[in-house]
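A.B. asks: Let me begin by handing over the structure; questions about it come next.
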Amino acid sequence: MDSDTQTVATDSPYLRSDEFRRWLAYTLLGGFDPAALAHEVVRQTGEPLHLVEAEIALAQASPYLQGAAPIRERLTKTRWVLHNRARLAALVPDALTVPVLDRPDPDDVLRHHYAAHRPAVLRGLVDDWAARSSWTLDGIAERLGDTPVRVQWNRESIPDYEVQSPSLRTSRPFSEIAERLRNPEPTNDFYVTANNAEDNREAFEPLREDVGEIPGILAPGSPRDGFIWIGPRGTVTPWHHDLTNNLLLQLQGRKRVRLVASHDTPLMRNSQHCYSDWTTADLPAGPAHDDRPAVHEVTIGPGEALFIPVGWWHHVEGLDQTIGMSFTGFVWDNDFYSGYTTFGEL
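Sequential numbering of the sequence shown, starting at 205, is according to the numbering used here.
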């Protein structure tokens with residue numbers, strides 16, 4: 205690019221700002237047509253068209269953007285592969301149905317779900333657990349009394365409560381939490397979650413004697429290290445994915461879970477770490493449509509467990525006052541977090 209063009213391109217303080225140039229580089233690398241982009245910038249900012257076009261030309265000539273172009277092409281190919289996988293998965297009539305397995309054989313779980321990367325509802329795994337009958341709200345309240353329990357509190361005070369969950373952690377006597385849980389009105393304002401697990405290990409120790417085993421699926425002894433979830437009707441865990449395979453077990457109450465396959469990650473508006481910008485209302489259950497991925501939906505109740513494969517997106521809503529657990533201690537390899545590095549903005 206000649207010096208005259210570069211001089212013209214930098215005549216606008218806005219167009220030469222770092223903020224605009226970062227955005228421009230991101231947009232060009234995303235494949236946006238330069239001519240259409242120029243007119244869109246003019247429409248949004250009122251900057252002269254010739255200055256915008258000059259700045260775009262300057263960006264396109266940059267060796268930094270040119271060096272990033274092969275990475276863009278590799279990402280484009282990866283998206284093509286993932287999109288093909290999504291199209292193939294949609295061919296079968298029951299593509300959105302989550303299978304329900306009664307007292308499944310562990311080898312079937314491994315072959316058809318764990319290794320195949322497919323969710324399933326598992327029944328009959330915990331029928332002999334004492335927790336199936338003893339983990340009622342009144343039963344737990346009697347055993348814990350005023351024991352301090354770590355809980356997310358005032359979740360409704362901020363819209364991104366899941367991302368900001370560390371700032372919402374506080375300790376409350378379980379008797380106070382139980383009193384709020386007895387209110388039948390739906391609320392998403394407080395929740396005892398897996399994010400509070402380490403803090404609550406000692407507090408919940410009296411309950412763990414009621415937790416049994418799930419032979420062949422969870423490693424011996426690992427269920428007692430599971431995460432305990434206690435919340436009111438109306439709790440919502442927004443769209444996110446986990447860094448491990450998970451088994452979500454209900455002991456009291458029902459949860460509605462929506463799921464999106466990991467191959468649809470490019471459609472999940474994933475702007476930070478494992479979180480999605482989709483809202484509850486904007487991504488209902490159903491087949492893929494335009495820029496929306498296919499969404500599976502299943503409701504699990506007492507005694508049922510949902511296997512959620514690593515990287516599968518899920519959104520969880522408490523339909524009742526709920527008590528449950530989640531587990532990651534499978535008998536099979538579940539160390540998928542060690543190679544994960546994208547914890548920041550994307």
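From the three backbone atoms N, C-alpha and C, an ideal C-beta is built for every residue, glycine too.
Classify Ser337: buried if its beta carbon has 16 or more other beta carbons within 10 angstroms, exposed otherwise.
C.D. replies: Position 133 of the sequence shown, counting from 1, holds the residue named residue 337. Answer is exposed; the Cβ neighbour count stays below 16.
A.B. asks: Between which two residues does the alpha helix (DSSP H) containing Ser337 stretch?
C.D. replies: As a position in the sequence shown, residue 337 is number 133, starting the count at 1. DSSP places Ser337 inside the alpha helix (DSSP H), whose first and last residues are Ala335 to Ser338.
A.B. asks: So Gln264 is in the alpha helix (DSSP H); what residue range does that whole segment cover?
C.D. replies: Locating residue 264 in the sequence shown gives position 60, counting from the first residue. Counting along the chain, the alpha helix (DSSP H) containing Gln264 begins and ends at Leu253 to Ala265.
A.B. asks: Applying the criterion that 16 or more other CB atoms from any shown protein chain within 10 Å of the CB defines a buried residue, is Ile362 buried or exposed?
C.D. replies: As a working note, residue 362 is residue 158 in the sequence shown. Exposed.
A.B. asks: Rounded to whole angstroms, what is the Cα-Cα separation between Thr546 and Ser480?
C.D. replies: Within the sequence shown, numbered from 1, the residue matching residue 546 stands at position 342. Within the sequence shown, numbered from 1, the residue matching residue 480 stands at position 276. Their Cα atoms are separated by approximately 14 angstroms.
A.B. asks: In the DSSP assignment, the alpha helix (DSSP H) including Asp414 goes from what residue to what residue?
C.D. replies: Residue 414 sits at position 210 when you count from the first residue of the sequence shown. First-last for Asp414: undefined, no H or E at that position.
A.B. asks: If you draw a straight line from the C-alpha of Val499 to the C-alpha of His254, how long is it?
C.D. replies: Taking the sequence shown and counting its residues from 1, the one referred to as residue 499 is at position 295. Taking the sequence shown and counting its residues from 1, the one referred to as residue 254 is at position 50. Those two C-alpha atoms are separated by around 45 angstroms.
A.B. asks: Using 8 angstroms as the Cβ pair cut-off and three pairs as the minimum, do the segment 347-358 and the segment 394-401 touch?
C.D. replies: yes
A.B. asks: Please report how far the alpha carbon of Trp339 lies from the alpha carbon of Arg291, in whole angstroms.
C.D. replies: Locating residue 339 in the sequence shown gives position 135, where the first residue counts as 1. Locating residue 291 in the sequence shown gives position 87, where the first residue counts as 1. Approximately 43 angstroms between the Cα atoms of the pair.
A.B. asks: Determine the contact status of His477 and Gly548, defining contact as a CB-CB distance below 8 angstroms.
C.D. replies: Working through the sequence shown from its first residue, we reach residue 477 at position 273. Working through the sequence shown from its first residue, we reach residue 548 at position 344. Gly548 sits close to His477, with the two beta carbons spaced by under 8 angstroms.
A.B. asks: In the structure shown, what three-state DSSP assignment does Gln270 receive?
C.D. replies: Within the sequence shown, the letter at position 66 stands for residue 270. Gln270 falls in the helix class under three-state DSSP.
A.B. asks: Could you give the C-beta distance for Gly528 and Leu451, rounded to a whole number, given that I count them as a contact under 8 angstroms?
C.D. replies: Here residue 528 refers to the residue found at position 324 when the sequence shown is read from its first residue. Here residue 451 refers to the residue found at position 247 when the sequence shown is read from its first residue. That belief does not hold up - the Cβ atoms of Gly528 and Leu451 are roughly 10 angstroms apart, past 8 angstroms.
A.B. asks: Pick helix, strand or coil for Asp208, following the three-state DSSP scheme.
C.D. replies: Here residue 208 is taken as the residue at index 4 of the sequence shown, counted from 1. Caution is warranted here: a pLDDT of 47 is assigned to Asp208, below 50, making its placement in the model unreliable, and no coordinate value can be reported.
A.B. asks: Which whole-angstrom value describes the C-beta separation of Thr469 and Val514, a residue pair presumed to lie in contact below a C-beta threshold of 8 angstroms?
C.D. replies: Within the sequence shown, numbered from 1, the residue matching residue 469 stands at position 265. Within the sequence shown, numbered from 1, the residue matching residue 514 stands at position 310. That pair is no contact at about 12 angstroms.
A.B. asks: Kindly confirm or deny that the segment 340-350 and the segment 418-427 touch, where touching means at least three C-beta pairs closer than 8 angstroms.
C.D. replies: no
A.B. asks: Measuring straight from C-alpha to C-alpha, what distance separates Arg412 and Ala335?
C.D. replies: Reading the sequence shown from its first residue, position 208 is the one you call residue 412. Reading the sequence shown from its first residue, position 131 is the one you call residue 335. The straight-line gap from Cα to Cα measures roughly 8 angstroms.
A.B. asks: Helix, strand or coil: which one does DSSP assign to His317?
C.D. replies: If you number the sequence shown from 1, residue 317 lands on position 113. In this structure, His317 counts as helix in the three-state DSSP scheme.
A.B. asks: Kindly indicate which three-state DSSP category Gln248 falls into: helix, strand or coil?
C.D. replies: Here residue 248 is taken as the residue at index 44 of the sequence shown, counted from 1. Helix, per DSSP.
A.B. asks: On the three-pair Cβ rule with 8 angstroms, is the segment 262-270 touching the segment 231-245?
C.D. replies: yes
A.B. asks: Check each candidate in Arg373, Gln368, Ala319 and Gly457 and name the one with the smallest Cα separation from Gln525.
C.D. replies: Counting from one through the sequence shown, the residue named residue 525 turns up at place 321. Of the listed residues, the one whose Cα sits closest to Gln525 is Gly457.
A.B. asks: For Thr374, which of Asn404, Phe540, His316 and Leu295 has the nearest alpha-carbon?
C.D. replies: Position 170 of the sequence shown, counted from the first residue, corresponds to residue 374. Checking every option, the nearest Cα to that of Thr374 belongs to Asn404.
A.B. asks: My output table needs one value for Val330: the three-state DSSP class, helix, strand or coil.
C.D. replies: On the sequence shown, position 126 is the one that residue 330 refers to. Note: Val330 maps to coil in three-state DSSP.
A.B. asks: How many angstroms separate the CA atom of Pro410 from the CA atom of Arg347?
C.D. replies: Numbered from its first residue, the sequence shown carries residue 410 at position 206. Numbered from its first residue, the sequence shown carries residue 347 at position 143. Rounded to whole angstroms, the separation of the alpha carbons of Arg347 and Pro410 is 7 angstroms.
A.B. asks: Mind checking whether Pro390 and Gln454 have CB atoms under 8 angstroms apart?
C.D. replies: Translated into the one-based positions of the sequence shown, residue 390 becomes position 186. Translated into the one-based positions of the sequence shown, residue 454 becomes position 250. Cβ distance not < 8 angstroms, so Pro390 and Gln454 don't count as in contact.
A.B. asks: Taking DSSP's pairing of strands, which residues face His500 in a bridge?
C.D. replies: If you number the sequence shown from 1, residue 500 lands on position 296. Answer is Leu463.
A.B. asks: In the DSSP assignment, find the beta strand (DSSP E) that holds Ile527 and state where it starts and stops.
C.D. replies: The residue you call residue 527 lines up with position 323 of the sequence shown. Run containing Ile527: Thr526 to Phe531, per the beta strand (DSSP E) assignment.
A.B. asks: Write down the C-beta distance between Asp429 and Gly533 rounded to the nearest angstrom, noting that I regard them as a contact closer than 8 angstroms.
C.D. replies: For the purposes of this step, residue 429 is taken as the residue at position 225 of the sequence shown. For the purposes of this step, residue 533 is taken as the residue at position 329 of the sequence shown. Yes, they are in contact, since the Cβ atoms of Asp429 and Gly533 sit about 6 angstroms apart, within 8 angstroms.
A.B. asks: Determine the closest residue to Arg462 out of Arg327, Thr441, Arg473 and Asn474, with distance taken between C-alpha atoms.
C.D. replies: Locating residue 462 in the sequence shown gives position 258, counting from the first residue. Per the Cα distances, Thr441.
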